[in-house]
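Chemist: Heads up, our numbering is the position in the sequence shown plus 199, with the first residue counted as 1. Would you mind keeping the following structure in view while I ask a few things?
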Amino acid sequence: MNNLLKGKKGIIFGALNDKSIAWQTAIKCYEQGAEFVLTNAPIAMRLGEINNLAAACGNAQIIPCDVSKNEDMENLIAKSMEILGGKVDFILHSVGMSLNIRKGKDYTDLDYKFMHDTLDISAMSFHRLMQTVYKMDAINEWGSIVALTYIGAQKVFPDYSEMGDAKSLLESFARGFGYRLGKERSVRVNTISQSPTKTTAGSGVKGFGDFYDYAEALSPLGNASAEDCANYSVLMFSDLSRKVTMQNLFHDGGFSNTGFSYDVFKMMDKKSE
Ligand SMILES: NC(=O)c1ccc[n+]([C@@H]2O[C@H](COP(=O)([O-])OP(=O)(O)OC[C@H]3O[C@@H](n4cnc5c(N)ncnc54)[C@H](O)[C@@H]3O)[C@@H](O)[C@H]2O)c1
């Protein structure tokens, strides 16, 4: 199916390299006829890979934005409307970072300055984005906003540490702002709770390989890939999902509703051999 997003304009946050969920989403959105602006933190852009993505997406414009800065967010939204010639129809927030995890700090010994940055970049940035869009009246009626999250918001995965708390807050913002944007502007806001995915952010969590394998073995459909997630985001940006809002949508091959699977035992046996 093509042209699901024909005529739609958007902003895509978080494409670092071709493993990124946002990268795969940009490719799919472009294939479906969308026009969009790409953005990432200035530091991530220096790596230069995003230029290749922009070239593959009809020479999409790239605007730097550190999501923890109000002025960067305002500049991004203003410039995006200029470039795209008006309000946008969809936004993907695909951003996460934890310094405590990066530095290997245990949950019982967290540095609060780092935690502040984690919550700011990974969760408050979603509120900041929606508040800026709201104040600048930057999204069309029946627009769609999606942020990526993980089941660590509902259940404890010890090594996911403070990111579980950040994701709980992120999901709560989707409800809080989803209500207001829905009521006043007919805009929907949802989070997609994605399987463990082999990306730079994902692989940075200690023991990632083990819980990737565990989720693969427990989920009846197996883990959802970045490309699968990109397809789901396209659906959420399209007119086929107009009345879905304020939801945390599990996109995880059935992991979240499965209690037991013999495949987990088989996997453990193999690991202990
Ligand atoms: N990989 C997984 O296993 C997994 C599972 C569920 C949800 N997610 C979520 O998916 C989203 C995308 O992550 P990914 O797995 O594609 O990894 P990724 O490393 O490719 O993407 C993370 C992005 O966040 C950006 N970022 C970090 N700090 C920023 C800042 N201050 N300003 C702007 N951008 C900043 C990075 O530059 C990067 O592009 C994140 O929200 C992540 O938590 C990932």
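Glycine included, C-beta positions come from ideal geometry on N, C-alpha and C.
(1) Which value, in whole angstroms, describes the spacing of the CA atoms of cysteine 228 and alanine 243?
(2) For glutamate 472, report the span of its beta strand (DSSP E) as first-last.
(3) Relative to the alpha-carbon of threonine 396, which residue among Ser343, His450 and Gln353 has its alpha-carbon at the smallest distance?
(4) Sort Arg379, Asp427, Leu417 and Ser402 by Cα distance to isoleucine 171 and report the nearest one.
(5) Lysine 218: beta carbon under 7 Å from a heavy atom of ligand 2?
(6) Can you give me the start and stop residues for the alpha helix (DSSP H) that threonine 399 sits inside?
(7) Given 7 Å as the limit, tell me if glycine 408 has its C-beta closer than that to any heavy atom belonging to ligand 1.
(8) Pick from Ser432, Glu230 and Glu281: whose alpha carbon is nearest that of alanine 255?
(9) Considering only the beta carbon of each residue, do threonine 348 and glutamate 370 sit closer than 8 Å?
(10) For valine 236 and isoleucine 220, which I take to be in contact (beta-carbon distance under 8 Å), what is that distance rounded to the nearest angstrom?
(11) Please identify the residue among Leu309, Asp438, Ala233 and Thr331 whose C-alpha is closest to the C-alpha of tryptophan 341.
(12) With distances taken Cα to Cα, identify the nearest neighbour of phenylalanine 459 among Met435, Lys304 and Pro419.
(13) Any heavy atom of ligand 1 closer than 7 Å to the CB of asparagine 239?
(14) Check whether the Cβ of proline 395 sits closer than 7 Å to any heavy atom of ligand 1, and report yes or no.
(15) Report the three-state DSSP secondary structure of asparagine 274 (helix, strand or coil).
(16) Between the C-alpha atoms of glycine 206 and alanine 233, what's the straight-line distance to the nearest angstrom?
(17) If I measure Cβ to Cβ from arginine 374 and keep anything under 7 Å in the same chain, skipping five residues before and after, which residues do I get?
Modeler: A quick look at the data gives this:
(1) 22 Å
(2) Where glutamate 472 is concerned, there is no enclosing beta strand (DSSP E), given that its DSSP letter is neither H nor E.
(3) His450
(4) Limits of the chain in this structure are 200 at one end and 472 at the other, which puts residue 171 out of reach.
(5) Ligand 2 is not among the ligands present in this structure, which contains only ligand 1.
(6) 399-402
(7) no
(8) Glu230
(9) yes
(10) Not a contact, Cβ separation roughly 17 Å.
(11) Asp438
(12) Pro419
(13) yes
(14) yes
(15) helix
(16) 6 Å
(17) Met445
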